[in-house]
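Just so we're on the same page, our numbering is the position in the sequence shown counted from 1, plus 42.
C-beta: ideal position from N, C-alpha, C; glycine also.
Structure, as structure tokens:
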Amino acid sequence: GLSLAADLQALSGAGDSSWNFSGPCGGLREKLRYVRHSKTGSEGSTIELLANHFQVSDTSKMAYKDLHEKLLFQHASIFGEYHIFDGNSLLLPRNEKLQHSNIELLRRTKEGGIVKVTVCFSRELGTTHPDCILYYNIFLRRILKLMNLKQIGRNYYNDANTQKFFCSRLETIPDYVTSILPYEQSLTLCSDTCFKLLQSRTVFDVIRKRFKISKELIGLVVFTRYNNKTHKVAAVNWDLSPRDTFKRSDSSEVTFVDYYMQQYNQIITDLNQPLLVSQGKWRKGQGNISPEPILLGPELCYLIGLPDDVNRKPQEMGDLTKLMKQPPEVRKTESENFIRDVNKNLTEQSDLQCWSLRFDTNCLSVLGRVLGGVKVVQRKKSFDVNQELAEWMRESRSTWLLSAKSLNKWVLLYPKEYKHQAETLRDNLKRVNDPMGVTGDQGHLQAVDDPNSYISTLQRCVTSQTTMVVCVLPDNEKCRYDCVLAKTLEFNKTYMTIITKIAQQMNCKMGGALWKVQTNLRKTMFVGIDCFHDIINRQNSIAGFVWHSQCIFQEPGQEIVNGLNRCLEAALNSWFKNLHYQPNSVVVYRDGVGDGQLQYLLDYEIPQLVSQLNKLQIKLTFIVVKKQINTRFFTKSGQMFKNPPSGTVVNVALTRHEWYYFYIVSQTSKYGTVTPTHYNVIYDTVCLDPYTVQSITYKLCHMYFNFPGAIRVPAPCHYAHKLAYFVGQNIQQEPHNALSNSLYYL
Numbered sequence: 043g044l045s046l047a048a049d050l051q052a053l054s055g056a057g058d059s060s061w062n063f064s065g066p067c068g069g070l071r072e073k074l075r076y077v078r079h080s081k082t083g084s085e086g087s088t089i090e091l092l093a094n095h096f097q098v099s100d101t102s103k104m105a106y107k108d109l110h111e112k113l114l115f116q117h118a119s120i121f122g123e124y125h126i127f128d129g130n131s132l133l134l135p136r137n138e139k140l141q142h143s144n145i146e147l148l149r150r151t152k153e154g155g156i157v158k159v160t161v162c163f164s165r166e167l168g169t170t171h172p173d174c175i176l177y178y179n180i181f182l183r184r185i186l187k188l189m190n191l192k193q194i195g196r197n198y199y200n201d202a203n204t205q206k207f208f209c210s211r212l213e214t215i216p217d218y219v220t221s222i223l224p225y226e227q228s229l230t231l232c233s234d235t236c237f238k239l240l241q242s243r244t245v246f247d248v249i250r251k252r253f254k255i256s257k258e259l260i261g262l263v264v265f266t267r268y269n270n271k272t273h274k275v276a277a278v279n280w281d282l283s284p285r286d287t288f289k290r291s292d293s294s295e296v297t298f299v300d301y302y303m304q305q306y307n308q309i310i311t312d313l314n315q316p317l318l319v320s321q322g323k324w325r326k327g328q329g330n331i332s333p334e335p336i337l338l339g340p341e342l343c344y345l346i347g348l349p350d351d352v353n354r355k356p357q358e359m360g361d362l363t364k365l366m367k368q369p370p371e372v373r374k375t376e377s378e379n380f381i382r383d384v385n386k387n388l389t390e391q392s393d394l395q396c397w398s399l400r401f402d403t404n405c406l407s408v409l410g411r412v413l414g415g416v417k418v419v420q421r422k423k424s425f426d427v428n429q430e431l432a433e434w435m436r437e438s439r440s441t442w443l444l445s446a447k448s449l450n451k452w453v454l455l456y457p458k459e460y461k462h463q464a465e466t467l468r469d470n471l472k473r474v475n476d477p478m479g480v481t482g483d484q485g486h487l488q489a490v491d492d493p494n495s496y497i498s499t500l501q502r503c504v505t506s507q508t509t510m511v512v513c514v515l516p517d518n519e520k521c522r523y524d525c526v527l528a529k530t531l532e533f534n535k536t537y538m539t540i541i542t543k544i545a546q547q548m549n550c551k552m553g554g555a556l557w558k559v560q561t562n563l564r565k566t567m568f569v570g571i572d573c574f575h576d577i578i579n580r581q582n583s584i585a586g587f588v589w590h591s592q593c594i595f596q597e598p599g600q601e602i603v604n605g606l607n608r609c610l611e612a613a614l615n616s617w618f619k620n621l622h623y624q625p626n627s628v629v630v631y632r633d634g635v636g637d638g639q640l641q642y643l644l645d646y647e648i649p650q651l652v653s654q655l656n657k658l659q660i661k662l663t664f665i666v667v668k669k670q671i672n673t674r675f676f677t678k679s680g681q682m683f684k685n686p687p688s689g690t691v692v693n694v695a696l697t698r699h700e701w702y703y704f705y706i707v708s709q710t711s712k713y714g715t716v717t718p719t720h721y722n723v724i725y726d727t728v729c730l731d732p733y734t735v736q737s738i739t740y741k742l743c744h745m746y747f748n749f750p751g752a753i754r755v756p757a758p759c760h761y762a763h764k765l766a767y768f769v770g771q772n773i774q775q776e777p778h779n780a781l782s783n784s785l786y787y788l
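See the structure below:
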């Protein structure tokens with residue numbers, strides 16, 4: 043929103059305008075001259091860390107060639123018993139005969155004909171070659187299968203190490219997430235653990251309790267034990283039952299009940315149950331082409347997640363929370379034990395011994411830096427955020443907000459049975475608003491007869507003079523936008539904190555600002571971009587652009603954004619209207635893209651922004667944000683291990699030489715293991731030095747107005763996510779232009 047961008051102006055300019063730039067640059071550091079020789083920041087205190095990465099050692103010589111699977115099996119005596127095959131290509135640990143000559147092989151076809159094939163040695167792969175990395179990961183999956191781990195999606199789980207809770211109604215299954223990747227100093231295996239919550243209750247158990255239930259099931263992820271797969275429910279087909287038939291791939295027909303018996307040895311007992319519809323493996327970029335739907339028997343689909351109808355005893359909930367959150371000490375130990383089991387299988391399995399692949403059993407040691415504290419500024423007071431003051435709700439509500447909007451002529455709608463809660467809310471809003479400098483009247487209370495009459499009540503009591511409407515809702519039905527739930531207004535020890543957050547949200551939605559941070563980068567527009575994809579309903583994807591908050595509607599699943607030049611033009615117009623001077627630079631935080639899509643950003647998104655900025659000679663820094671990572675960092679405290687402090691930066695050892703990227707641990711956690719965020723600077727004409735870009739990024743993690751503390755990503759990035767999600771999930775239409783200058787989606 044406008045208040046976010048305007049209040050992020052700080053004390054001094056930065057940037058080297060002498061850098062010679064021509065055309066869209068690649069993401070390679072070689073093209074970023076000022077970090078060509080070093081991308082390591084210099085400021086901050088040094089800290090020794092351990093990471094859940096384990097060095098890979100391999101002394102084997104690997105021969106690589108393209109081959110067809112049937113040919114491989116017919117000539118195993120030539121290629122050897124020990125190999126890695128991915129369906130198209132073959133990797134051998136050592137085979138001197140094949141490396142020095144072409145080999146002609148004869149293959150007999152089904153029709154009796156003879157086919158002659160010449161096999162040529164392709165090349166010997168080094169340990170960091172991309173093809174070799176692929177084979178390492180295939181090889182690792184083979185090891186995991188030999189360890190009797192079952193695959194669910196991309197992860198592997200150990201069903202021999204499950205735990206049960208709530209009288210066996212919930213089962214926790216440990217998942218292992220692994221990947222082998224090359225980094226600056228070595229090839230490493232990243233190993234992390236997580237847990238899947240699997241209920242003993244099936245979807246059919248829910249249907250039997252509430253017949254003709256549909257809404258509550260749509261969007262649920264269910265697990266089918268017979269093939270270890272997860273499915274997202276898109277619909278419930280009440281017109282079909284297990285008695286109905288479908289066509290196999292060979293055009294033969296079979297009933298669902300017979301198919302499950304023949305294929306999986308599963309018995310469906312109730313032949314009158316409906317069938318669940320899952321849309322199958324629809325992926326981003328697939329557009330409007332829908333995959334063939336998958337029909338599932340509810341009786342065979344188990345619910346995932348915490349049951350909502352169990353007696354959550356404090357002791358059991360505490361044990362479950364401790365297991366799921368996994369403190370650093372436990373997570374580190376689990377990863378190291380897992381690596382020892384992998385090495386044990388490499389030693390004991392005869393078909394693995396010929397590969398000279400081993401993993402270090404100790405976590406990788408890396409150096410990090412801890413950035414200095416962050417100064418948070420409100421209108422009449424500022425305070426330093428550090429490890430002792432990680433959250434500042436108490437400080438924030440006891441002094442005037444940075445920009446407080448008057449709360450006049452506002453309306454509070456409430457269900458008539460919640461009159462007392464509504465009156466208490468109104469009175470306490472006045473109580474918390476006064477210290478924060480928010481003036482205004484008490485507000486008009488209006489009862490709503492039933493949940494379906496909110497709109498008619500709004501039309502009757504809201505006028506052009508109304509500045510704000512607050513709705514108290516009886517439940518959290520998703521057909522209505524999330525407002526204030528009546529149950530959250532029950533008085534408890536967190537009641538005044540809840541009221542304060544409501545008051546601060548109201549101020550933000552009216553265009554106010556709660557606080558700002560000092561970034562030491564003047565006249566800079568900070569932009570966030572993210573996309574929302576509705577995989578269930580196949581609705582348009584929504585791209586959120588935040589400084590001047592705007593949305594772009596795109597084809598379903600489309601990630602790369604078209605129309606950024608128009609968004610940036612509107613943002614610049616808003617800037618000039620409100621600030622009356624030109625920005626020196628624009629810093630963009632782009633979320634939601636993986637490493638494989640970076641070139642698309644360089645080819646399509648960045649040129650849209652550059653074409654607009656070049657007209658005004660404004661510089662651009664473009665940073666890709668990645669949250670979905672499995673890297674974890676630990677620091678030693680005596681004989682124990684704990685989370686790194688907030689502000690820890692890592693940009694050595696576990697980074698790639700050719701990219702300008704780094705990790706930041708911005709959050710704090712008292713219970714679980716924190717997850718760092720990965721940042722990649724792929725374009726920069728501002729020439730921000732490593733410390734400056736890291737410091738700004740960390741400080742912006744303190745600018746999310748819904749939480750008085752540091753979040754995982756810079757606030758513009760998270761606002762873009764909130765905007766795209768709100769529009770895509772709740773309204774699915776273009777928001778009114780008048781809303782663009784406020785955080786209405788907060």
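In DSSP terms, what residue i is bridged to
| i | result |
| --- | --- |
| Asp426 | Lys417 |
| Val453 | His486 and Val511 |
| His778 | Answer is none; His778 lacks a bridge partner. |
| Asp5 | Any property of residue 5 remains undetermined from this structure, which presents the chain solely from 43 to 788. |
| Ile706 | Val691 and Thr719 |
| Asn197 | Ile194 |
| Val319 | Ala277 and Leu337 |
| Met567 | Val628 |
| Gly586 | Asp572 and Cys593 |
| Lys206 | Glu213 |
| Tyr725 | Phe664 |
Identity of the residue in the options nearest residue i by Cα
| i | options | result |
| --- | --- | --- |
| Glu334 | Gly322, Ser210 and Gln596 | Gly322 |
| Phe676 | Met359, Lys257 and Leu409 | Leu409 |
| Leu632 | Tyr199, Lys619, Leu651 and Cys729 | Per the sequence shown, residue 632 should be read as Arg rather than Leu. With distances taken between Cα atoms, Arg632 lies closest to Leu651. |
| Leu614 | His590, Gly634, Thr297 and Phe595 | His590 |
| Lys271 | Met745, Gln193 and Phe246 | Gln193 |
| Asn494 | Cys513, Gly751 and Leu182 | Cys513 |
| Asn387 | Lys764, Ser84, Glu700 and Leu186 | Leu186 |
| Tyr787 | Thr375, Ile215, Leu212 and Asn748 | Asn748 |
Coil, strand or helix - residue i by DSSP
| i | result |
| --- | --- |
| Met552 | coil |
| His110 | Because the pLDDT of His110 is 47, which lies under 50, any placement of that residue in the model is unreliable, and the number read from its coordinates should be weighed accordingly. In this structure, His110 counts as coil in the three-state DSSP scheme. |
| Trp442 | coil |
| Pro216 | strand |
| Glu433 | strand |
| Tyr767 | helix |
| Pro686 | coil |
| Cys67 | Note on Cys67: pLDDT 40, under 50, position unreliable in the model; no value is reported. |
| Pro224 | strand |
| Glu700 | coil |
| Thr82 | coil |
| Asp350 | coil |
| Tyr786 | coil |
| Asp572 | strand |
| Asn137 | For Asn137, the pLDDT reaches just 47, beneath the cut-off of 50, and the residue's location in the model is therefore unreliable, although a value from the coordinates is still provided. Asn137 falls in the coil class under three-state DSSP. |
Assigned exposure category for residue i - 16 Cβ within 10 Å defines buried
| i | result |
| --- | --- |
| Glu146 | exposed |
| Gly155 | exposed |
| Ala202 | exposed |
| Thr734 | buried |
| Asp426 | exposed |
| Gly554 | buried |
| Tyr268 | exposed |
| Gly69 | Low local confidence applies: a pLDDT of 45 at Gly69 is under 50, so the model's placement there is unreliable, with the coordinate-based value given in what follows. Buried: at least 16 other Cβ atoms inside 10 Å. |
| Ser688 | buried |
Check: Does the count of Cβ pairs from the region 770-787 and the region 704-717 closer than 8 Å reach three?
Finding: no
Check: Do the region 214-229 and the region 77-92 meet, that is, are 3 or more Cβ pairs less than 8 Å apart?
Finding: no
Margin query: Taking contact to mean 3 or more Cβ pairs, one atom from each stretch, closer than 8 Å, check whether the region 536-543 and the region 721-735 are in contact.
Written below: no
Notebook entry, point to check: Does the region 761-772 come close enough to the region 569-578 to have 3 or more Cβ pairs within less than 8 Å?
Noted result: yes
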